[in-house]
Ligand code: FES
């Protein structure tokens, strides 16, 4: 069952739309399921473009403002494209004192990547995080699930180049 005319979207192919509609069909009559629908759709597309949010709103018969409200409230939802590799740099006190700022500057210099941003080729997304709980290893960076301690402006590019 189709809930809307599919919009053209460069990041959502026809198979993805079919899977998205299956998710909507599964959850549309279950109250309070918007978060689940958004999460499952984000797993498919890797973020929540506005066209997708409108599509979900129509399918679930919930006002679009409400769906946007949920999508913007929770930090695990992203309304902008994410890179293939998620890079987290710790900007907590221990890491700051040990020089994470130079590492962040080096990342910007090499990849034109700022905190909260994604490279144009969608290779990396960069997030600043307040204490990753590994202060003894400061300064700390996490790439996907790999933790790197004692990172520096000299080492960071070498580390990131391992991730295609
Ligand atoms: S301040 Fe960076 S890991 Fe704790």
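Residue numbers (my numbering): -15 to 148. Even for Gly, the Cβ is constructed at its ideal location relative to N, Cα and C. Just so it is clear, the structure is predicted and the values come from calculations on it, not from any experiment.
- Item | Beta-carbon proximity list for residue 63, same chain, < 6 Å, skipping 5 on both sides | As a working note, residue 63 is residue 79 in the chain shown. The residues are 32.
- Within 10 angstroms of its Cβ, does residue 59 collect 16 or more other Cβ (buried), or is it exposed? Residue numbering aside, residue 59 sits at position 75 when the chain shown is read from its first letter. It is exposed - the Cβ of residue 59 has fewer than 16 other Cβ atoms within 10 Å.
- Supposed contact pair residue 72 and residue 111 - C-beta distance, whole angstroms, cut 8 Å: For this step, residue 111 is matched to residue 127 along the chain shown. For this step, residue 72 is matched to residue 88 along the chain shown. That belief holds up - the Cβ atoms of residue 111 and residue 72 are roughly 5 Å apart, short of 8 Å.
- Task: Can you tell me which of the three DSSP states residue 41 falls into?
- Result: As a working mapping, residue 41 is identified with position 57 in the chain shown. Of the three classes helix, strand and coil, the one that applies to residue 41 here is helix, per DSSP.
- How is residue 60 classed by DSSP in three states: helix, strand or coil? Translated into positions along the chain shown, residue 60 becomes position 76. Reduced to three states, the DSSP call for residue 60 is coil.
- Identify whether residue 132 lies in helix, strand or coil by the three-state DSSP scheme. One-based indexing of the chain shown puts residue 132 at position 148. Strand.
- Where residue 112 falls: helix, strand or coil (DSSP): Taking the first residue of the chain shown as 1, we reach residue 112 at position 128. Of the three classes helix, strand and coil, the one that applies to residue 112 here is strand, per DSSP.
- Query: Since residue 0 contacts residue 29 with CB under 8 Å, what's their CB separation in whole angstroms?
  - Reply: Within the chain shown, numbered from 1, the residue matching residue 0 stands at position 16. Within the chain shown, numbered from 1, the residue matching residue 29 stands at position 45. Right, the Cβ-Cβ distance comes to about 6 Å (below 8 Å), so this counts as a contact.
- Query: Do residue 124 and residue 133 have their C-beta atoms within less than 8 Å of each other?
  - Reply: For the purposes of this step, residue 124 is taken as residue 140 along the chain shown, with counting starting at 1. For the purposes of this step, residue 133 is taken as residue 149 along the chain shown, with counting starting at 1. The answer is yes: Cβ separation under 8 Å.
- Alpha carbon of residue 75 to alpha carbon of residue 53, nearest angstrom: Against the chain shown, residue 75 aligns to sequence position 91. Against the chain shown, residue 53 aligns to sequence position 69. Cα to Cα, residue 75 sits roughly 28 Å from residue 53.
- Are there 16 or more other CB atoms within 10 angstroms of the CB of residue 140, so buried, or fewer, so exposed? Against the chain shown, residue 140 aligns to sequence position 156. Per the 10 Å Cβ criterion, buried.
- Can we count residue 126 as close to the ligand FES, meaning its CB is less than 7 Å from some heavy atom? Mapped onto the chain shown, residue 126 falls at position 142. No.
- Item | Rounded C-alpha distance that separates residue 70 from residue 13 | For the purposes of this step, residue 70 is identified with residue 86 of the chain shown, where counting begins at 1. For the purposes of this step, residue 13 is identified with residue 29 of the chain shown, where counting begins at 1. Computed Cα separation, rounded: 34 Å.
- Any idea what DSSP makes of residue 46, helix, strand or coil? In the chain shown, the residue the question calls residue 46 occupies position 62. DSSP places residue 46 in coil when its eight states are reduced to three.
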